[in-house]
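Here's the structure we're looking at; comments come further down.
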Amino acid sequence: LEEDLRRNLQVVHAAVTQDRRAWQYVPHIVQSQRNFVYNLVKDDIQSLAFVDLKSDPAFVRGIVKYNGLALEYASPEIQGDKEIAMLALAENRESVWHVAEVLRDDDDICKMV
């Protein structure tokens, strides 16, 4: 797509709603619009795997509060963040399968499961 179209929020919305893999073609300037990305990812948790913000602790914190299973699609560094892991577990205990291995023996994590 032309750069102008890839920056058009309506076009991006239509593209990523149709196929989450389209996120890989969305310019950083659009992906940095947190509210726009949050609203789309919230409705399609698996798309978190394709957005730049999957490594942003504040962004992922908000997503896992909404759906703890989103932890699966966050970056490995985020999966190893104890605070974020605990938020994900508080929302959905099944997210334990997506907590980094290093945290699985942590006392606080074990208490939540």
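Counting in our numbering, the sequence shown runs from -14 upward without gaps.
Here a beta-carbon is modelled for each residue, glycine too, at the ideal position from N, C-alpha and C.
What you are looking at is a predicted structure, and each value in this text was computed from that prediction instead of being measured.
Each residue's CA atom was taken as its position, placing GLY65 and ALA7 some 27 Å apart. In the three-state reduction of the DSSP assignment, PRO61 falls in the helix class, which pools H, G and I. In the structure shown, ASN20 falls within a helical segment according to DSSP collapsed to helix, strand and coil.
Secondary structure at ALA85: coil, using DSSP grouped into helix, strand and coil. If one requires a minimum length of 4 residues, the alpha helix (DSSP H) runs lying completely within the stretch -10 to 19 are -6 to 3, 13 to 16, in chain order. The beta carbon of LEU88 sits closer than 7 Å to those of GLY65, LYS67, ALA70, ILE94, all from its chain and outside the five residues before and after it, given in chain order. GLU86 and VAL(-3) have their C-alpha atoms spaced approximately 35 Å apart.
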